[in-house]
Amino acid sequence: MVSPIRPRFRILRFTSPRGKNYLVLPVHLANRLFSAEPIPSGPPPSPYEANARLKALVKSERLRDARRLFDEMPHRDEISWTTLISGYVRAADSLEAFSLFYRLLSDPSLSPDPFVLSLAFKACASDSALRPHGECLHACVLKTGVHPSSVFVATALLDMYSKSGYPARALQVFDETPHPNAVSWTGAIATLVRAARPRDALLRFASMLAAGVPCDSHTYAIALKACADAAILPQGREIHARTLRLGLHATPFVANTLGALYLRCGHLRRGLTVLNQLRSRDVAAWTTIISTHVQLGREPDAIDAFLKMRAHPSDGSNPNEYTYAAVLSACAGLVRLTWGEQIHGHVIRRGFAGSKSVSNALVTLYARTGRLDSAEILFRETPVKDIVSWSAIISGHAEESHVEKSFSLFSEMRVTGPAPNEFTLSCLLSACAGAAMLDAGRQIHAHAIAGGLEADAMVTSALITMYSKSGSIEETERVFAGRRRDEVVSWTAMINGYAEHGRCRDAVELFDEMPAAGLRPDGVAFIGVLTACCHGGMVDRGLRYFEKMGEFGVEKGREHYGCVVDMLVRAGRVAEAEGLAARMPVGTADGVVWTAVMRGWAARGDEEAGRRAAARVMELEPEGAAGAHVALANLYAGKRLWGEAAEERRRMREKGVRKGAGWSWVAVGGGEGAVVFVAGDRSHARRENIYGVLALVYYEARKAGYVPEQDFEAEIE
DNA sequence: GTAGGGTTAG
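Each step along the first sequence adds one to the number in UniProt numbering, with nothing skipped, and position 507 is 507.
See the structure below:
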């Protein structure tokens, strides 16, 4: 028998510009230079060599060639399978990866070792369709007891549950991992971040440090994201310092989260500095900048950043689906339909129209700009509707007061869609609040309890607002008393509830208790307490709160000035109100504030001051100002200056300004439905009874010592 | 031959 001799040299034939030629090379060099060429002769490669070639092909992303080699290999061991499967996982072809894994399972000569098991779970993590298979595989692993202690398998499993939306299971896997390493800890921290529990994530990070497990850039990136999500600057700074010591601060992932953290906490310049440390801003960095501007309500800056990004051609200047989603949400925030439509065009041309983030952002854009028909078409065309898609279309209808429609979509969602979450329920609740639909609101409350969402801050505050606006202060207080956590939003909702129900003392007392509960009132909470002071006539107290805003780091906005000006006007301190309105920062003042001042002077019958205030209203709102015209006309009429009053009405007609009637409505009992009415309405069938009761109220009020500003008899004829 | 990280939409 002749044993094959391995040739030491290979003769390569090639075509050069001078014609056919031959080259003789040592075989190892030839193989390295022409590795894509099949070895022309000799025995089949050893399993070891074949695996090495397979690895090289997978590494250079030549998956088809790798597959061909794999299929032709006479001997395939666990390493061959693992190598090829890892190629499919890397190429995001989870289905092919998992089906190969199944073929491996059915071969009795092979055993699913920790290497290939980790990959199988990873494939399941990146494709939701495979999740049931992953759970089944988990059960098999537990039952057969193969490699239960591999930290690799445990971490892949943790990640699968984490990414499939089962944080509790993921953390259980982590807790049962005997020797978790940095990767396992990072997975556990990332799980809490994904589950919107950034504070818990930071606690876990602290435990990791306490356990002495060394962190790497992956860990710091996710810990910084937790700080950014919770807007906790001090801890973020501490982590920043750690990354500086290790020289990890300028690695793209760390720098991007650091930038996001500072931007999120309002330190724009520092955030931009951190992002500028990167040799070049990548798409994620630009997207962070754009989306932060959107989150801070600075949509024009977001658009600006997008234009800058496009103006500097580099690797990072090509927007991706996330970038487009952020820009579209800026257009939605600005209610700039035309800009949004332009971006929609870009998105279609760049092939991102099918992306989930983008189509959800488009639904929101069209919904916010009042194009609910377009929003609905895009929603229907979204192939896989997730919770965000459903919430977007439901909230679009809810915000336009299409309550019926939002509820019919909700019913449809319950049949065919995902389970509602805190966003879905809170926007339905605010729709109920806007229409005072107590029964429908109670049904949503039941859904919140059933879904375990009633403890969520957004849901709690939406429930408080719904019960309050629907007139049930008892249920409002019950929800507030049953809160699980103290959050500024729920406290603010309760303060507003008290203020609306005339319990202004309770409102201010609750506000005063906020610091003791560990809460720092924000701008919205201040609007609530100022409204309470306004309604309750607590003028000096209101002024004190207004002055204290700076101490809490809250900027005085248009609404705050509006509340205080209104409060002073109602208390008859019109000159002070006017002084305050005049001191409003440039760009903050609006017609509403000056209309209040104007009404104040009108009530006092001071026509000169009234004219002065009216001039400011008309200057600020040349197109509108109906309120100012009417108030001015009424002021003249009150002074029996009929000519001037008629002149004012004529000017108003000339401008084409119309004062819309202030419609109001009330639902009495259950069966009658809502009754809609305007001032002086006489159309109700039971008007006799209504005015009878009104007269009684008037009589009792007089008996109690109240003196009406206008005569009631005159109002009811 | 195996596991973990940043940017997005309500």
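Ideal Cβ positions, reconstructed from N, Cα and C, are used throughout, including at glycine.
From a predicted model like this one, the values you see are computed outputs, not experimental measurements.
Query                                                                                                                                                              : Result
Pick from R270, G212 and K655: whose alpha carbon is nearest that of G236?                                                                                         : R270
Pull up the CB-CB distance for A375 and G396, whole angstroms please, since I reckon it's below 8 Å.                                                               : 5 Å
In angstroms, rounded to a whole number, what distance separates the CA positions of L696 and Y498?                                                                : 26 Å
With H, G and I counted as helix, E and B as strand and the rest as coil, what does DSSP make of V678?                                                             : coil
To the nearest angstrom, report how far apart A679 and V403 are at their CA atoms.                                                                                 : 25 Å
Is the beta carbon of V554 less than 8 Å from the beta carbon of D606?                                                                                             : no
Looking only at its own chain, which residues have a Cβ that is under 8 Å from the Cβ of L334, when we skip the five neighbours before and after it?               : E299, P300 and I303
Quick check on V574: buried or exposed, where buried means 16 or more other Cβ atoms within 10 Å of its Cβ?                                                        : buried
Let me check understanding here. Comparing Cα to Cα, which of S106, Y561 and T364 lies closest to V586?                                                            : Y561
Given a cut-off of 8 Å, decide if A330 and V363 are closer than it, judged by their beta-carbon atoms.                                                             : no
Look at A419 and C432 and say whether their C-beta atoms are less than 8 Å apart.                                                                                  : no
Where does K143 land, buried or exposed, given buried means 16+ other C-beta within 10 angstroms?                                                                  : exposed
Is the stretch 202-214 touching the stretch 168-187, taking contact as three or more C-beta pairs under 8 Å?                                                       : yes
Would you identify the three-state DSSP class for S664, choosing helix, strand or coil?                                                                            : strand
H312 to D282, Cα distance in whole Å?                                                                                                                              : 12 Å
Go through its chain and collect everything with a Cβ distance to I527's Cβ below 7 Å, but skip five positions before and after it.                                : E559, H560 and C563
Whose C-beta lies closer than 6 Å to the C-beta of L158 among residues of the same chain, with five residues either side of it excluded?                           : A170, V173, F174 and G187
Starting from the N-terminal side, write out each stretch of the beta strand (DSSP E) that is 3 residues or longer and does not extend beyond the stretch 101-156. : none
Select from S664, A628 and A661 the residue whose C-alpha is nearest the C-alpha of E648.                                                                          : A628
Terminal residues of the continuous alpha helix (DSSP H) containing T460?                                                                                          : A457 to K469
Spatial neighbours of A614 within its chain, please: C-beta separation below 7 Å, excluding the five flanking residues on both sides.                              : M598, A628 and L632
Taking 7 Å as the limit between beta carbons, can you name the residues of its chain near S355, skipping five residues before and five after?                      : E321
At what residues does the alpha helix (DSSP H) containing Y561 begin and finish?                                                                                   : R558 to R570
In angstroms, rounded to a whole number, what distance separates the CA positions of A507 and L272?                                                                : 41 Å
Pick from E551, A596, G550 and M549: whose alpha carbon is nearest that of A571?                                                                                   : A596
Quick check on I449: does DSSP put it in helix, strand or coil?                                                                                                    : helix
When DSSP labels each residue in this structure, what does E487 get in the three-state scheme?                                                                     : coil
Would you mind sorting R368 into buried or exposed? The rule is 16 or more other CB atoms within 10 Å of its CB.                                                   : buried
Would A602 and G610 qualify as a contact pair, given that the criterion is a beta-carbon distance under 8 Å?                                                       : yes
Go to A92, then tell me how far its alpha helix (DSSP H) extends in each direction, as first and last residue.                                                     : Element bounds for A92: n/a, residue is neither H nor E.
In the structure shown, what three-state DSSP assignment does K20 receive?                                                                                         : With a pLDDT of only 45 at K20, under the threshold of 50, the placement of this residue in the model should not be trusted; the figure read from the coordinates follows. In this structure, K20 counts as strand in the three-state DSSP scheme.
Where do the N-terminal and C-terminal ends of the alpha helix (DSSP H) with V657 fall, by residue?                                                                : Careful: V657 lies outside any alpha helix (DSSP H) and carries neither H nor E.
Threshold first: 4 residues or longer. Then list the alpha helix (DSSP H) segments lying entirely within the stretch 338-425, N to C.                              : 356-368, 372-381, 387-399 and 403-416
According to the Cβ coordinates, are R131 and C140 closer than 8 Å?                                                                                                : no
Buried or exposed for I394, going by 16 or more other Cβ atoms inside 10 Å?                                                                                        : buried
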